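Colleague: Have a look at this one.
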Amino acid sequence: MMSSGAGAWMAAVPVIGVLGALYAWKGGGATLFLLLLALLIGAVGAASQLCGPTRVTVRRTWAPSAPYEGEEIEVTLQISLEGGIPPLWVQVEDDLAGHEQERGRLLFSGFKRNYNGTYRLSGVARGLYTEGSTTVAWGDVFGWFKRVRRLQGRDKLLIQPLPLYIAAWDETLGRNDGEGGRADTSLKYAPLWGSRLRAYEPGDPVKSIHWKISARRGELITRAPEEVYAWPVCLILDTEPASYFVPERGEIFEIAVSAAAAWLHRQSDGTDAYYFRPGLGNNTLQLIGREGLYEGLEVLAQVQLASERSAFSLNGAESWNHLVVPGQRITIITGCLTSSLVARLLQMADAGAVLDVWCSGESGDAAVHGSDLEEAGIGNGGAENWEKSAGHWFAQLSSHGIRMVPLLYDSASVQMKPGRGGRDHGIA
1 MMSSGAGAWM AAVPVIGVLG ALYAWKGGGA TLFLLLLALL IGAVGAASQL CGPTRVTVRR
61 TWAPSAPYEG EEIEVTLQIS LEGGIPPLWV QVEDDLAGHE QERGRLLFSG FKRNYNGTYR
121 LSGVARGLYT EGSTTVAWGD VFGWFKRVRR LQGRDKLLIQ PLPLYIAAWD ETLGRNDGEG
181 GRADTSLKYA PLWGSRLRAY EPGDPVKSIH WKISARRGEL ITRAPEEVYA WPVCLILDTE
241 PASYFVPERG EIFEIAVSAA AAWLHRQSDG TDAYYFRPGL GNNTLQLIGR EGLYEGLEVL
301 AQVQLASERS AFSLNGAESW NHLVVPGQRI TIITGCLTSS LVARLLQMAD AGAVLDVWCS
361 GESGDAAVHG SDLEEAGIGN GGAENWEKSA GHWFAQLSSH GIRMVPLLYD SASVQMKPGR
421 GGRDHGIA
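With UniProt numbering, the residue at position 418 of the sequence shown is 418, and numbering never jumps.
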């Protein structure tokens, strides 16, 4: 899209006309000087617009190629101008992450055809950004007569959720870190990935050793052969608003999304297929390896809490029950237990699924506290009733062999090697 700076001419033409009429009527050296100056400025402006570049090409790259949410992004722009006279200055505004996010602004000077510039973005929210555009402007020495070209990009920027560094509290030492006033605690990794992981025993085959977990725990950990299932494992991310009714709904849901990212990263290390179901509906993805990881993260980056209306229309155990294959291990990530969620879990367990439920609340035995419920507007009686119901729900789930895992976590990310991303886009 091109803009010819018509606004400047709408102001310049009347000024030149008035000065011309005034000189023709009264004459005078001062009027002649102002008329010639206005004509000169207009001529320079016309030359900068009419004789400027005829084609603009912008190449945009960024590092890392798939940054995490909140990670700083370094964006490099290469601007090439073809045809016409090189402009005195070039101003570039780049909307890589869309209009709602921070944009990059660069200003170049000198009669050149090629420019390189770098800017940085920080605090970009997770998501898939495909609406990015670049605006390139040049003009006269005063900046009054501009030529503006807007280039719609074809780039696809994936801001992936930060994978949760999951750990379980083993014991609290109560040691103060001396800085932020928080108690420093000792972390010991719990077997969150299912009971198929256990301590190494003499006679276990070497190929069954899980080297990453072994390195973290400082002891050999193996996969128990009796826990190997023929069907691929499955992840279901609960997106119903009722499961995140605490005051910090957005924060608790983001923890759940980060936990889902950690699950996808771990499953992508192998060569087996795995399933991912992001929220309500029937859009179950079958993923394999690292290629499947990128596809899953692309979907996960865009997932949001479902609307109340959508959640109500799809509420019911049958919306998850048809996924169950006897013996299949399914991980459900949610915020807090609700009666509808417990009903689903029990039916899935009765159908033969091996279930792990990850809760992104603060405690594993009650996902939220009564005070949180009161702040959420449930009230004293509602909070007390919920806590009583929670105890009953946990007893039901335990009796069906469903494991509850609290997402007690340490906020460290999985690091990826930096890469480049981006494409050329141009306009004639």
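Idealized CB from N, CA, C, for every residue including glycine. Only a predicted model underlies this, so the values are computations on that prediction, with no experimental measurement involved.
Measure how close the beta-carbons of THR334 and VAL303 come, nearest whole angstrom, since I'm counting them as under 8 Å.
Modeller: That pair is no contact at about 13 Å.
Colleague: Under 8 Å, with one C-beta from each stretch per pair, do the region 139 to 150 and the region 119 to 126 reach the 3-pair mark?
Modeller: Touching, no.
Colleague: In chain order, what residues of the same chain lie with their CB nearer than 7 Å to the CB of ALA301, ignoring the 5 residues before and after it?
Modeller: Counting only Cβ-Cβ distances below 7 Å, and skipping sequence neighbours, we find ARG126, GLY127, LEU128, LEU158, ILE159, GLN160 and PRO161.
Colleague: Mind checking PHE245: buried by the 16 CB within 10 Å criterion, or exposed?
Modeller: Classification of PHE245: buried, given that the 10 Å Cβ count is 16 or more.
Colleague: Under 8 Å by Cβ, that's how I've got LEU287 and GLY296 pegged, so tell me the actual separation to the nearest angstrom.
Modeller: Confirmed, Cβ separation roughly 5 Å.
Colleague: Would you grab the beta carbon distance between THR118 and THR76 for me? Rounded to a whole angstrom, and I think it's under 8 Å.
Modeller: That pair is a contact at about 5 Å.
Colleague: Using 10 angstroms around the beta-carbon of ILE221, count the other beta-carbons present and answer buried if the total reaches 16, otherwise exposed.
Modeller: That one is buried.
Colleague: Measuring CB atoms only, is the region 246 to 255 touching the region 266 to 274, in the sense that at least three cross pairs come out at less than 8 Å?
Modeller: Touching, no, given that fewer than three Cβ pairs across the two stretches are closer than 8 Å.
Colleague: Starting from ARG60, trace the beta strand (DSSP E) in both directions and tell me its first and last residue.
Modeller: Where ARG60 is concerned, the enclosing beta strand (DSSP E) stretches over 55 to 63.
Colleague: Just mark ARG105 as buried or exposed, buried being the case when its beta carbon has 16 or more other beta carbons within 10 Å.
Modeller: ARG105 comes out exposed.
Colleague: Taking the continuous beta strand (DSSP E) assigned at VAL90, which residues delimit it?
Modeller: Element bounds for VAL90: 89 to 95.
Colleague: Per DSSP, what kind of secondary structure is GLU82 in: helix, strand or coil?
Modeller: DSSP places GLU82 in strand when its eight states are reduced to three.
Colleague: Would you identify the three-state DSSP class for LEU128, choosing helix, strand or coil?
Modeller: It is a strand residue.
Colleague: Please go through the same chain and pick out, in chain order, the residues whose beta-carbon is closer than 8 Å to the beta-carbon of ALA38, but skip the five residues on each side of it.
Modeller: Here the set comprises ALA12, VAL15, ILE16 and LEU19.
Colleague: State the DSSP-derived secondary structure class of ASP238, mapped to helix, strand or coil.
Modeller: Three-state result, ASP238: coil.
Colleague: Pop quiz: GLY292 and TRP231 are said to be a contact at Cβ under 8 Å. What is the actual Cβ separation, rounded to whole angstroms?
Modeller: Not confirmed; about 16 Å, so no contact.
Colleague: Quick check: the Cα distance between SER133 and ALA261, rounded to an integer number of angstroms?
Modeller: Whole-angstrom Cα-Cα distance: 29 Å.
Colleague: Given a cut-off of 9 Å, decide if GLU72 and ARG120 are closer than it, judged by their beta-carbon atoms.
Modeller: Yes.
Colleague: Go to HIS287, then tell me how far its beta strand (DSSP E) extends in each direction, as first and last residue.
Modeller: According to the sequence shown, residue 287 is Leu rather than His. Unbroken beta strand (DSSP E) run through LEU287: 285 to 288.
Colleague: Look up ASP350 in the DSSP assignment and give the residues it is bridged to.
Modeller: ASP350 pairs with nothing; no bridge assigned.
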